[in-house]
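Before any comments, here is the structure.
Numbering (the numbering used here), first residue to last: 1 to 524.
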């Protein structure tokens, strides 16, 4: 059966058949779903600015006497940054008799000797620091935090990953917010030591700024649930236990516990004015590993937590926002489907006439893709009101990088949906902050074998699509397709080439021992 489609603005008539429908129906379903997530980005921007007055940086109460605090430092094979971390922690302004520092080391390489020596040196200087080494990685980071919690003496637990360098006044700025007895967790904002190191680190910083400014800001100001980010935050010990403690059945143990704790009635606070500098991954494979772990972990958490959330008596608004928050990474496999269907769908729809394509595609593009630009521009304008317009220069690369992550993140998401378990892979720490600095941590560099070649192949696929659009004078879609080519080629080539120059100059190559396991168990 054939359906006649006519457009009063065009003399072109095209007859759909079953083949056209088989292509276009799933194509538009995917586009509509992506547009829904895009509209949600607009919604977060709107809520952030609408409720911006619902934020008070000053704690409404203060402790009459400062409580005891335990600082946990979970590390794994991070010998090049542990000294910087311990030095920053021991420099925190807090009464020493009220403080306990735990270095929770699961390392399997020289980090154990390095960390133990550093801890012994600072302990001899009078700092309340202890070294706890596990001979197995049971539960990975969640297991290490839980093991440390069992012997911790603090009423409040601050957590810092190895690549963070909190300023001396961090503890004093955070602890007073717990004087309110219903506050279970306080998260602070990440900033970046090596933001200007490269194009990649600049884009990474913009991506994280969007999360920490607009996502966290909108959710906390409207009373929705938001998550502890795994580091640069502090917990009330009771909130951890009421939430069921640290569990390691997902790769995002921080988000998992956050939802369980908030469902138990604890209130979370976010302090964007309190900054904690950190180190961004400087190599594409390290960045992909991090993003794949987060993508897989959030989908695992959605499978675990959304049924409980739906059955609870939480407000409908919180339930809806939880779905958006925890399932956003489903957009990656949807992008794979759209990638496969894009060129065939474009060929079929070309014969409908350009106006029909523009009439349908433009609203969907505005909802899904343009929302990304609006979202990150708004976040940069909040942080850098004088220089935020420079972000326009990075937007094409930011959108292209998001597209380029599709292959590895889609694999991670599908593993989560299929229940495939994998190890918790820590992001390599290189201790590089300035341009031109050479990393000491080449032994932690990991290689990808298949994924970069798939990305390069998909980039070529979209290059053919661009050639097709030009031969048919369909110039409207060409800029959109160029982003796909840049994204896939950029991530693919950077994954293959980063670190090669050191080897060609006679430097070290990627290690393949236990400290640098192959293949990647998470998403790549």
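Quick reminder that beta carbons are idealized off the backbone N, C-alpha and C, glycines included.
Our two residues, residue 386 and residue 36, have alpha carbons roughly 32 Å apart in a direct line. Shortest Cα-Cα distance from residue 411 to any of 314, 154, 292 involves 292.
In the same chain as residue 388, and ignoring 5 residues on each side of it, the C-beta atoms closer than 6 Å to its own belong to 380, 381, in chain order. Note: residue 268 is bridge-paired with 185 in the DSSP secondary-structure output. Measuring C-alpha to C-alpha distances from residue 101 to each of 85, 108, 113 identifies 85 as the nearest. Distance between residue 341 and residue 331, taken at the CA atoms: about 15 Å. For residue 100, the enclosing beta strand (DSSP E) covers residues 99-105. When only Cα atoms are considered, residue 193 and residue 174 end up about 21 Å apart.
Taking 4 residues as the shortest admissible run, the region 121-195 contains the following complete alpha helix (DSSP H) segments, listed from N- to C-terminal end: 140-151, 170-175. Annotation for residue 213: 379, 382 place their beta carbon closer than 6 Å to its own, counting only its chain and skipping 5 residues before and after. Excluding five sequence positions before and after residue 146, the CB atoms of its chain that fall closer than 7 Å to its own CB belong to 139, 245, 246, given in chain order. Here DSSP, grouped into helix, strand and coil, assigns residue 79 to coil. In this structure, the beta-carbon distance from residue 79 to residue 111 falls below 8 Å. Sequence-distant Cβ neighbours of residue 171 in its own chain, meaning closer than 6 Å and more than five residues away, are 92, 94.
Residue environment analysis places residue 269 among the buried positions, since at least 16 neighbouring C-beta atoms fall within 10 angstroms of its C-beta. For residue 74 and residue 234, the gap between their C-alpha atoms comes out near 14 Å. Residue 427 has its alpha-carbon roughly 27 Å from the corresponding atom of residue 169.
By the Cβ criterion, the region 277-286 is not in contact with the region 415-423, since fewer than three pairs of Cβ atoms, one from each stretch, lie closer than 8 Å.
In the DSSP secondary-structure assignment, residue 236 is bridged to 156.
In the three-state reduction of the DSSP assignment, residue 60 falls in the coil class. Apart from sequence neighbours up to five positions away, the residues of its chain that approach residue 337 with a beta-carbon distance below 6 Å are 30, ordered along the chain. By alpha-carbon distance to residue 149, the top candidate from 69, 273, 123 is 69. Considering only 262, 166, 207, 313, the residue with the shortest C-alpha distance to residue 188 is 166.
Under the 8 Å Cβ criterion, the region 389-396 counts as touching the region 200-209, having at least three qualifying pairs. If you draw a straight line from the Cα of residue 343 to the Cα of residue 462, it is about 8 Å long. For residue 308, the enclosing alpha helix (DSSP H) stretches over residues 284-311.
Rounded to whole angstroms, the gap between the alpha carbons of residue 333 and residue 402 is 13 Å. Counting only residues of its own chain and dropping the five nearest sequence neighbours on each side, residue 32 has a CB closer than 8 Å to the CB of 364. Boundaries of the alpha helix (DSSP H) around residue 46: 18-50.
Around the Cβ of residue 390, a 10 Å sphere holds fewer than 16 other Cβ atoms; the residue is exposed. Spatial neighbours of residue 217 in its own chain (CB-CB distance under 6 Å, excluding positions within 5 residues in sequence) are listed in chain order as 48.
Shown here for residue 57: same chain residues with a beta carbon closer than 7 Å to its own, the five before and five after excluded, namely 271, 273 in chain order.
When the beta-carbon positions are compared, residue 251 and residue 424 come within less than 8 Å of each other. Assignment of residue 273 by DSSP, reduced to helix, strand and coil, places it in the strand class. Assignment of beta-bridge partners to residue 281 by DSSP yields no partner.
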